[in-house]
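J.: Before I ask anything, let me first share the structure, which is written out below as structure tokens.
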Amino acid sequence: MNENVTKESSSRSGTGPGTGCYLNIDKPQGWTSTDVVRKLKGVTRSKKIGHGGTLDPIATGVLPVCIGPATRFADTVLLGTKSYRITIELGRSTDTYDLSGQTTAEADWTGVSRDQVVGVLENFRGEFDQVPPMYSAIHHNGKRLYELARQGIEVERPARPVEVLNLQLVDFSAPQIVLDLECSHGFYARTLAHDIGEKLETHAHLTGLVRTHAGVFRIEDAVTLEQVIAEAESGDWRDLAMPIDATLQHLGRITLNTMFVEMVQHGRPLSIANVGVKGETGAYDPGDRIRAYTPEGELLAILIFEPER
């Protein structure tokens with residue numbers, strides 16, 4: 087069977103004017119993800135800008151901001167798991183499942199031990215179904231769940247499959263629980279806090295969340311809004327940015343000849359067996375994403391490797 091590569095997205099590489107790049111922002115507490123994008127749109131004077139992976143206002147940490155053509159690559163760049171350090175407080179539950187909400191119930195927590203917490207965590211590792219909170223952006227009959235919640239309406243939410251790859255107890259100083267969490271896309275840490283409270287036969291809510299990594303972005307490499315603003319005023323904010331190509335090094339790479347460059351630019355599929363397609367990082371599996379470069383070494387597009395249809 088012949089196998090093809092087809093174009094998923096395309097852009098120019100680099101961080102110069104008119105090119106795409108990413109800013110790995112350490113989101114401040116109290117800001118929405120949209121607040122950050124709105125601020126950076128003015129600072130960078132970029133017409134096309136967005137973020138990858140919404141963080142709640144109480145959360146801090148890694149918020150990838152996509153600028154220019156980099157927005158086309160966001161899904162590829164953010165593939166994979168996300169990691170968090172979360173803080174849970176026992177004894178009280180809220181309607182939002184975090185400290186921003188109204189108290190819905192209280193219960194004694196003084197009988198909870200460290201060993202009990204460790205034991206309960208076993209219920210939340212691996213693959214399982216999780217019911218999303220009412221205060222979420224999921225749609226229900228044309229409305230966001232949080233819109234219904236604000237009207238005092240609660241509806242049944244179907245559980246969704248999620249995966250927790252790592253869940254470790256960092257500290258237990260009752261009533262505070264601190265956890266390190268690595269999870270799949272679509273996982274709600276607020277729901278985890280709420281459910282842990284139920285398993286411990288008390289109540290609980292989320293009081294802190296720091297995203298430590300998302301895709302290729304890590305908190306040790308993140309920059310603050312203040313740093314970007316200062317750099318924009320005194321020099322060039324692009325010095326803090328990551329070129330598109332730098333965020334795609336985990337993908338395979340091929341170099342195309344001139345004829346195949348033109349085919350990709352026109353959205354035509356390529357046969358991987360053709361002499362004009364040079365694989366440089368080994369064999370590919372169906373569904374793999376591959377960086378495609380021009381003969382001059384310029385990033386042209388992200389291609390998807392798939393069997394011929």
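With our numbering applied, the sequence shown corresponds to residues 87 to 395, in that order.
Just so it is clear, CB atoms sit at the ideal spot from N, CA and C, and this is done for glycine as well.
Which residue comes first and which comes last in the alpha helix (DSSP H) that contains Gly-301?
T.: From DSSP, Gly-301 is part of no alpha helix (DSSP H); its letter is neither H nor E.
J.: State the DSSP-derived secondary structure class of Gly-383, mapped to helix, strand or coil.
T.: DSSP places Gly-383 in coil when its eight states are reduced to three.
J.: Please report the straight-line C-alpha distance between Gly-106 and Gly-321, rounded to a whole angstrom.
T.: So the alpha carbons of these two residues sit roughly 19 Å apart.
J.: Under three-state DSSP, which class holds His-291?
T.: Note: His-291 maps to strand in three-state DSSP.
J.: When the distance is taken between beta carbons, is Val-129 closer than 8 Å to Ile-111?
T.: Result no, Cβ atoms of Ile-111 and Val-129 do not sit closer than 8 Å.
J.: Using the Cβ count rule (16 or more neighbours within 10 Å means buried), how would you classify Phe-346?
T.: Label assigned to Phe-346: buried.
J.: Would you check if there are 3 or more beta carbon pairs closer than 8 Å linking the stretch 158 to 170 to the stretch 182 to 190?
T.: Output reads no: the stretch 182 to 190 does not touch the stretch 158 to 170.
J.: Just how far apart, CA to CA, sit Leu-265 and Leu-253?
T.: Rounded to whole angstroms, Leu-265 to Leu-253 spans 7 Å at the Cα level.
J.: Classify Arg-236 as buried or exposed, calling it buried when 16 or more other Cβ atoms lie within 10 Å of its own Cβ.
T.: By the 10 Å Cβ count, Arg-236 comes out exposed.
J.: Take every Cβ of the stretch 196 to 210, pair it with every Cβ of the stretch 282 to 292, and state whether three or more of those distances are shorter than 8 Å.
T.: Because the criterion of three Cβ pairs below 8 Å is met, the stretch 196 to 210 and the stretch 282 to 292 touch.
J.: Assuming contact is defined by CB atoms lying nearer than 8 Å, are Pro-114 and Glu-175 in contact in what I supplied?
T.: For Pro-114 and Glu-175, no; Cβs fall outside 8 Å.
J.: What does a CB cutoff of less than 8 Å around Asp-215 pick up in its chain, not counting 5 residues either side in sequence?
T.: Once the five neighbours on either side are set aside, the close Cβ partners of Asp-215 are Ala-245, Arg-246, Pro-247 and Val-248.
J.: I want to see whether chain C comes within less than 8 Å of Cys-107, judged by CB atoms only; does it?
T.: The structure shown contains no chain C; it is built from a single protein chain.
J.: Which residues mark the beginning and the end of the alpha helix (DSSP H) in which Gln-335 is found?
T.: Looking at the DSSP string, Gln-335 is not in any alpha helix (DSSP H), and its letter there is neither H nor E.
J.: Could you pull out every residue in the same chain whose Cβ sits closer than 8 Å to the Cβ of Pro-381, ignoring the five residues on either side in sequence?
T.: Thr-341, Leu-342, Asn-343, Thr-344 and Val-347.
J.: Using DSSP with H/G/I as helix, E/B as strand and the rest coil, what is Lys-364?
T.: The predicted position of Lys-364 is uncertain, since its pLDDT is 49 and thus under 50; no value can be drawn from it.
J.: Please list, in chain order, all residues of the same chain as Arg-211 whose beta carbon is under 6 Å from its beta carbon, the five residues on each side excluded.
T.: So the list reads Val-250 and Leu-253, once near-sequence residues are dropped.
J.: Under a Cβ-count criterion, where at least 16 other Cβ atoms within 10 Å of its own Cβ denotes burial, should Ala-223 be classed as buried or exposed?
T.: Exposed, since its Cβ has fewer than 16 Cβ neighbours within 10 Å.
J.: Is Gly-102 helix, strand or coil by DSSP?
T.: With a pLDDT of 42 at Gly-102, under the threshold of 50, the predicted position of this residue should be treated as unreliable, though the coordinate-derived value follows. Gly-102: coil per DSSP, three-state reduction.
J.: DSSP three-state label for Ile-144, please.
T.: Ile-144 falls in the coil class under three-state DSSP.
J.: Measuring alpha carbon to alpha carbon, tell me which of Arg-131, Thr-118 and Trp-117 ends up nearest Glu-319.
T.: When each option's Cα is compared against that of Glu-319, the closest is Arg-131.
J.: What residues match up with Met-328 in a beta bridge as DSSP calls it?
T.: Paired residues: Tyr-108.
J.: For a quick check, are the C-beta atoms of Tyr-410 and Val-151 less than 8 Å apart?
T.: This structure gives no information on residue 410, because the portion of the chain shown stretches from 87 to 395.
J.: Excluding sequence positions up to five away, which residues of its chain have a Cβ less than 7 Å from the Cβ of Ala-193?
T.: Hits under 7 Å: Gly-177, Thr-288 and His-289.
J.: Looking only at C-alpha atoms, which of Glu-392, Thr-140, Ile-330 and Tyr-232 sits nearest to Arg-158?
T.: That would be Ile-330, whose Cα lies nearest to the Cα of Arg-158.
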